[in-house]
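Enquirer: One structure is given below, represented as structure tokens, and several questions about it will come after.
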Amino acid sequence: MNIQTPVNEVRNLRFDEFSSLESLAKATEQARKRNYQDFLIVDVDSHHYESESYGQIFKYIESPVLRRQAIESSARGGRSSMLGGSVGYQDIGGRITRHWLRKHEKVEDTSKHRDITTTLRWMDAMGVDYACLFPTPMLFLGTHPQVEVEVAMARAYNRWLCEQILAKEKRIISMLYLPFNDPDATYKVVKDFGDKPGVVGFMVTSPRYKPVHDNAYMKTYRLLEEMGKPISFHAAYNWNDQSLQLTNRFIGVHALGFMWFNMVHMTNWVVNGLPERFPKLKVMWIESGLTWAYSLMQRLDHSYKMRTSDCPQLKRKPSEYMREMYYSSQPMEVPDDPSILEATFKMINAETQLVWSSDYPHWDFDLPGVIHDLPFLNEKARRNILGGNAARLFNLDTTPVKKIP
Amino acid sequence: MTELFVAKLGDFKEGDRRIVRSPKGEIGVFHHGGAFYAYANNCVHSGGPACEGITIPKVVDIIAEDKTYHGQTFDESEMHFVCPWHGYEYDLKTGTCIGDPRLKLRRYDVVQRDDTVYVIA
Chain W
79 MNIQTPVNEV RNLRFDEFSS LESLAKATEQ ARKRNYQDFL IVDVDSHHYE SESYGQIFKY
139 IESPVLRRQA IESSARGGRS SMLGGSVGYQ DIGGRITRHW LRKHEKVEDT SKHRDITTTL
199 RWMDAMGVDY ACLFPTPMLF LGTHPQVEVE VAMARAYNRW LCEQILAKEK RIISMLYLPF
259 NDPDATYKVV KDFGDKPGVV GFMVTSPRYK PVHDNAYMKT YRLLEEMGKP ISFHAAYNWN
319 DQSLQLTNRF IGVHALGFMW FNMVHMTNWV VNGLPERFPK LKVMWIESGL TWAYSLMQRL
379 DHSYKMRTSD CPQLKRKPSE YMREMYYSSQ PMEVPDDPSI LEATFKMINA ETQLVWSSDY
439 PHWDFDLPGV IHDLPFLNEK ARRNILGGNA ARLFNLDTTP VKKIP
Chain H
806 MTELFVAKLG DFKEGDRRIV RSPKGEIGVF HHGGAFYAYA NNCVHSGGPA CEGITIPKVV
866 DIIAEDKTYH GQTFDESEMH FVCPWHGYEY DLKTGTCIGD PRLKLRRYDV VQRDDTVYVI
926 A
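Order-wise, the sequence lines are chains W and H.
Heads up, the first sequence stops at 483 in our numbering, and the numbers go up one at a time, no gaps.
Heads up, the second sequence stops at 926 in our numbering, and the numbers go up one at a time, no gaps.
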């Protein structure tokens, strides 16, 4: 046995500093080993914490009264604010240290918004070329009791995002927030922002209580179909939902909530014949995983054969419409038996309809390896899911632009 | 097999941890309960830095003899360490993944020679 007496590299751990590149060093090792530099990787669902920029965003609120309310209420720490928050403990009681350490990340470059710098850091560390960026606290804004607050924040955030982030960094793209509780304002957001640089579609946060088949939304769906821009439904939970209130642990409300609202919206979308009314409208379902789609396809097909009169617009089985929609991959539920996952991929026609997503920096993020390392995918399918499908959907250049450290 | 320097004993207090780079990859070395434990710093889930998160006791539900629930508490006799990427927990004394005990982190032996701690890799 050799005894290595010289001091080899030994490091202590610190919990008062953070670096995206160091935190994701092992992801970078994976990116190098798997040659991610050679092909396109698009992340269709990532996040920043827009609440850290409320000071800037609130200035974009058009109503002077709501603008003052937002600025004043956010300045009173510990008191109720205009926007409220969501109950939950996503970082598992502080166990996911990067969740709270990230606030300590140093950014020297003040010529552009901090979120651009930190986003590009984790993108390069993982091997991502383009990232579709979404807000975080605003995922819960669809349950806000004041519709006009949702509209005001949607318009302010979208304007701020377009001007301060998307216009300044081409690798960051977004599907903009739709204030869905106000159908006319929803239409106006698509009209006003649809041609802005970096806007590749529009996003509805799923926890809300307006049915997607309401006639008031038809003009928006038609407009999106004409523009060729996708509509997406981004899952989240609402622990105040009457059914979900029965759960007593975050694992319960998260596992169910992130599927539940999209299952409701998908069911309404299909049985009300929206795929027949808007056959060219691209629809994407975000952050519900994949198992829900598989089970809902089987469930709706089973019932449809007996109850075609409930959905007379359909010319095919529900699953056939669902198989033409897009699904983001995270959180990839990996069963012990890979054949089950393979069947799920087959069910949703993953080679053309599945789009990889990280959900970074949220607590249950995925790396590109969740797709890259699957034994049953061929190279073409692997590259489609990691970037090719999203590039076609968002009309992106397929040349890799990342800089893996 | 090589003995890799970890720390001088006087610098490696109870509850401390070191990450040692070895030819076989990074190794996390823990000083806990008067003993040393060393594991591959490579989470079984997605390859995260498993040994670089917090240490925290096991959580238990308090269930009375009549099977009723009476809150939660920590079991200080079973310490875990937690991967900072996603929260996968490991038994500090065995390296066993709590969420799937079939999975374990690779374990390395630790030796103390005079006033110095080494890990064998």
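Glycine included, each C-beta is placed from N, C-alpha and C at the ideal position.
Please read these numbers as outputs of a predicted model, since none were measured by experiment.
#1: Among the residues of its own chain, which have a CB less than 6 Å from the CB of W/CYS240, if the five just before and after it don't count?
#2: So W/ARG460 contacts chain H; which residues on that side make the cut at Cβ distance below 8 Å?
#3: Indicate the three-state DSSP secondary structure (helix, strand or coil) for W/TYR167 in the structure shown.
#4: Determine the direct distance from the alpha carbon of H/ASN847 to that of H/GLY853, and round the result to whole angstroms.
#5: Could you check where the alpha helix (DSSP H) with W/PRO416 kicks off and where it finishes?
#6: Considering only their Cβ atoms, is the gap separating H/GLY892 from W/ARG173 smaller than 8 Å?
#7: Would you give the residue range spanned by the alpha helix (DSSP H) that W/SER141 belongs to?
#8: Quick one: give me the first and last residue of the alpha helix (DSSP H) that W/ASP270 is part of.
#9: If you count every other CB in all the chains shown that lies within 10 Å of the CB of W/ASP207, and 16 or more means buried, which is it?
#10: Taking 8 Å as the threshold (C-beta atoms), are H/TYR923 and H/TYR844 in contact?
#11: Does W/TYR167 pass the burial test, meaning 16 or more other C-beta atoms within 10 Å, or should it be called exposed?
#12: If we cut at 8 Å on Cβ distances, does W/ASN90 have a partner in chain H?
#13: Just to confirm the assignment: which complete beta strand (DSSP E) runs, minimum length 3, are found wholly within the segment 341–381 of chain W?
#14: Any contact between the segment 324–332 of chain W and the segment 286–299 of chain W? By contact I mean 3 or more CB pairs, one from each, below 8 Å.
#15: Quick check on the DSSP output: what are the complete beta strand (DSSP E) runs of length 3 or more inside the segment 819–901 of chain H, in order along the chain?
#16: Residues of chain H with CB under 7 Å from W/LEU445, in chain order?
#17: In terms of alpha-carbon separation, which member of W/VAL229, W/THR430, W/PHE356 and W/PRO215 lies closest to W/GLU303?
#18: Assuming contact is defined by CB atoms lying nearer than 8 Å, are W/ASN467 and W/THR430 in contact in what I supplied?
#19: In terms of residues, what are the limits of the alpha helix (DSSP H) holding W/MET400?
#20: Based on DSSP bridge pairs, tell me the residues matched to H/ALA812.
#21: Rounding to the nearest angstrom, what Cα-Cα distance links H/CYS888 and H/ALA840 in this structure?
#22: For W/MET487, collect the residues of the same chain with a Cβ closer than 6 Å to its Cβ; drop the 5 residues on either side in sequence, then sort them by chain order.
#23: Going along chain H, which residues have a C-beta under 7 Å from W/ASP123?
#24: According to the neighbour-count rule (16 or more other Cβ atoms, all chains shown, within 10 Å of its Cβ), is W/LYS480 buried or exposed?
#25: Given a limit of 7 Å on CB to CB distance, which residues of the segment 823–853 of chain H reach chain W?
#26: How would you call W/LYS458, buried or exposed, if buried means at least 16 neighbouring beta carbons within 10 angstroms?
#27: Can you say whether W/THR188 is buried or exposed, counting buried as having 16 or more other CB atoms within 10 angstroms of its CB?
#28: Less than 8 Å between the CB atoms is what I'm expecting for H/ALA926 and H/LEU809, so what's the real figure, rounded?
#29: Below 8 Å, how does it come out for the segment 208–224 of chain W and the segment 93–105 of chain W: are there three or more Cβ pairs, yes or no?
#30: Where does W/VAL282 fall in DSSP's three states?
#31: Contact between the segment 851–870 of chain H and the segment 821–838 of chain H is defined here as three or more beta-carbon pairs at a separation below 8 Å; is this criterion met?
#32: W/SER407: buried (16+ other C-beta within 10 angstroms of its C-beta) or exposed?
#33: Would you check if there are 3 or more beta carbon pairs closer than 8 Å linking the segment 380–390 of chain W to the segment 328–335 of chain W?
#34: On the CB-based measure, 16 or more other CB atoms within 10 Å of its CB, does W/ALA421 come out buried or exposed?
#35: Assuming H/PRO906 contacts H/MET884 under a Cβ cut-off of 8 Å, what Cβ separation, rounded to an integer in Å, is found between them?
#36: Give me the residue from W/ASN456, W/CYS389, W/LEU368 and W/SER310 with the minimum Cα distance to W/PRO413.
Expert: Checking against the coordinates, here is how it stands:
#1: LYS274
#2: Per Cβ cutoff of 8 Å: no residues; W/ARG460 is ~17 Å from chain H at best.
#3: Secondary structure of W/TYR167 (DSSP, three-state): coil.
#4: 6 Å
#5: 416–425
#6: yes
#7: No alpha helix (DSSP H) holds W/SER141; DSSP gives it neither H nor E.
#8: 261–271
#9: buried
#10: At the C-beta level, H/TYR844 and H/TYR923 stay beyond 8 Å of one another.
#11: exposed
#12: yes
#13: The segment 341–381 of chain W contains these whole beta strand (DSSP E) runs: 361–364.
#14: no
#15: Entirely contained in the segment 819–901 of chain H, the beta strand (DSSP E) runs reaching 3 residues are, in chain order, 822–827, 830–837, 840–845, 860–868, 874–887 and 894–896.
#16: SER851
#17: W/PHE356
#18: yes
#19: Where W/MET400 is concerned, the enclosing alpha helix (DSSP H) stretches over 396–400.
#20: H/VAL922
#21: 21 Å
#22: Outside the shown range of chain W, which is 79 to 483, sits residue 487 of chain W, and nothing can be said about it.
#23: In chain order: nothing, as chain H lies at least about 16 Å away.
#24: buried
#25: ARG823, ILE824, VAL825, ARG826, SER851, GLY852 and GLY853
#26: exposed
#27: Using a 10 angstroms sphere on the CB of W/THR188, the tally of other CB atoms stays under 16, which defines it as exposed.
#28: 6 Å
#29: Touching, no, given that fewer than three Cβ pairs across the two stretches are closer than 8 Å.
#30: strand
#31: Between the segment 851–870 of chain H and the segment 821–838 of chain H, the count of C-beta pairs closer than 8 Å reaches three or more; the two stretches touch.
#32: Burial of W/SER407 is indicated by the presence of at least 16 other C-beta atoms within 10 angstroms of its C-beta.
#33: no
#34: exposed
#35: At roughly 16 Å, the Cβ-Cβ gap does not stay under 8 Å, so H/PRO906 and H/MET884 are not in contact.
#36: W/LEU368
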